[in-house]
Each structure stands twice: as C-alpha cells, then as structure tokens.
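Undergrad: Provided herewith is a single structure, encoded as structure tokens, for subsequent inquiry.
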Amino acid sequence: MISVIILADSAIGRSGLEAIVQSSPRLRIAGSGLVQPSLSSWIEPIERIEAEVLLLATALPDEMALLTPEVSEATDLPAIVWLADDIQSVTLPEALRLGIRAILPTDASAEEIVAAIETVAQGLLVLHPEVMGSLTVLTSPRPLTAARQALTPREIEVLQMLSEGMGNKSIARQLYISEHTVKFHISSIFSKLNVSSRTEAVTLGIRQGLILL
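In structure tokens:
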C-alpha cells in the first residue's frame with residue numbers, strides 16, 4: 360500500500376481528501392493535518408513520518424525561494440501531489456525543487472487524485488491538462504520539431520507509457536515486446552532527449568507536446 364500524508368488549508372478540505380484516500384484499497388493515510396502556522400513548519404514532522412506521498416491542498420508561499428533551501432536540506436520528504444487553483448507564479452523547475460511531482464486543480468476528481476498519488480509514488484510526474492496553460496515552464500530550450508524528429512513512433516509510445524506510470528514489464532506486455540527491448544527504447548529516449556531519468560524524460564515530453572495528458 361502507498362502511505363499518504365494529507366495537509367490542507369481547512370478542516371473540510373482535509374476531511375474530503377481523507378475520504379478520497381480511504382476510498383482506495385491501494386492507499387493508506389500515514390498522517391493528516393492543517394497547514395498551520397505555515398507549510399515550512401511541517402517539514403520536520405513530515406520527515407519523521409514514513410510516507411511515500413504528501414497530498415497538499417494549499418496555496419504555496421509567495422516567496423518560494425525562502426522555502427526551497429529548507430526542502431533541499433530535507434532528505435526524507437515524500438513526493439508531493441499539489442492541489443491548487445492559482446499557479447501563475449510557479450515555474451516547473453521551482454516545483455520540482457520543492458518536491459512537487461503532480462499538479463492538479465482543486466476540483467480534480469477522486470479518480471484523478473488517486474491516479475496522481477499512485478503515479479508519483481513510482482517516481483513519475485503528473486501535470487493535469489487544466490493547469491498546463493497556467494504553469495510557467497522554464498527549462499533549457501529544445502525545438503519541438505527536433506524532438507519529434509529525434510524520437511521514433513515506438514519511442515514516443517514508450518514515453519507516453521512512462522508518463523502513465525507503467526513499469527518495464529507492463530510496457531513489454533502492452534507492446535508485445537521483451538523487457539530488454541523496452542530498456543533499449545528507454546535508453547534511446549534518454550539519449551535523444553539528453554535526460555538522465557524517467558521524470559526528466561516525461562517532463563520534457565510534456566513540454567514538447569510528445570505526451571498526451
């Protein structure tokens with residue numbers, strides 16, 4: 360089971376998220392609370408709780424730079440699924456540095472929230488279509504056409520499956536190929552996109568329009 364910590368701005372919001380997590384037999388609540396007095400005050404307590412995912416329903420601090428060093432020094436923080444409405448000032452690099460691995464609107468469905476939790480627990484990234492237009496993505500520029508031409512149709516298919524949280528075995532079964540071939544495709548994707556991890560590949564794939572969300 361995937362252990363989840365829930366933090367929300369309000370008791371009502373926290374209760375709603377608790378109900379969503381409890382509705383899935385694959386998830387369990389490791390802890391929950393209200394974001395008071397501040398998000399940074401929770402860093403140390405969260406480190407002490409053994410959890411894989413932090414489900415966060417709150418507006419992040421305006422001065423994210425003040426929080427980033429604290430998060431960087433923390434070693435045992437879980438991956439963050441962030442439910443938010445206003446993300447205009449957030450850049451993708453900032454979000455990743457803060458440990459955010461999924462960004463969903465506050466009105467995301469229970470199914471979307473559960474799926475995001477399960478996906479980030481596998482080390483992958485989730486960006487909901489509704490937030491893509493608002494999120495400021497600042498990474499090194501890479502031409503869209505170059506990326507599309509570099510990846511073969513099969514590699515794009517594998518990249519899509521990586522974004523869905525599928526492991527090598529599942530991809531192999533889905534495509535009727537061997538795990539060795541899957542590893543070869545993933546290695547080729549990393550090389551062509553100049554990345555070193557699945558998260559980076561998925562992040563760039565989303566930015567370049569190679570992944571359909």
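In case it helps, our numbering puts the sequence shown at residues 360 to 572. All C-beta atoms, glycine included, are put in the ideal place defined by N, C-alpha and C. Values in this document were obtained by computation on a predicted structure and should not be read as measured data.
#1: Less than 8 Å between the beta carbons of residue 477 and residue 385, yes or no?
#2: Let's see if you can read the secondary structure: which residues bound the alpha helix (DSSP H) around residue 515?
#3: Which same chain residues end up closer than 6 Å to residue 519 when comparing Cβ atoms and leaving out the 5 residues on each side of it in sequence?
#4: In chain order, what residues of the same chain have a beta carbon less than 6 Å from the beta carbon of residue 522, not counting five sequence neighbours either side?
#5: Check whether the Cβ atoms of residue 390 and residue 361 sit closer than 8 Å, and answer yes or no.
#6: Less than 8 Å between the CB atoms is what I'm expecting for residue 370 and residue 393, so what's the real figure, rounded?
#7: By alpha-carbon positions, which one of 546, 440 and 540 ends up nearest to residue 486?
#8: Note down the Cα distance separating residue 508 from residue 555, rounded to an integer number of angstroms.
#9: For residue 408 and residue 437, what's the separation of their Cα atoms in angstroms?
#10: Which one of 513, 412, 411 and 459 has the shortest CA to CA distance from residue 535?
#11: Assign residue 544 to buried or exposed, taking buried as 16 or more other Cβ atoms, counted over all protein chains shown, within 10 Å of its Cβ.
#12: Given that a residue counts as buried once 16 or more other Cβ atoms are within 10 Å of its Cβ, and exposed if not, what is residue 465?
TA: Taking the structure as given:
#1: For the pair residue 477 and residue 385, the CB atoms are nearer than the 8 Å cut-off.
#2: 512 to 522
#3: Only 570 meet the Cβ criterion.
#4: 561 and 570
#5: Note that the C-beta distance between residue 390 and residue 361 is not below 8 Å.
#6: 7 Å
#7: 440
#8: Note that residue 508 scores 47 on pLDDT, short of 50, meaning its location in the model is unreliable; the coordinates nonetheless yield the value given after this. C-alpha separation (whole angstroms): 20 Å.
#9: Their backbone Cα atoms lie some 9 Å apart in a straight line.
#10: 513
#11: buried
#12: exposed
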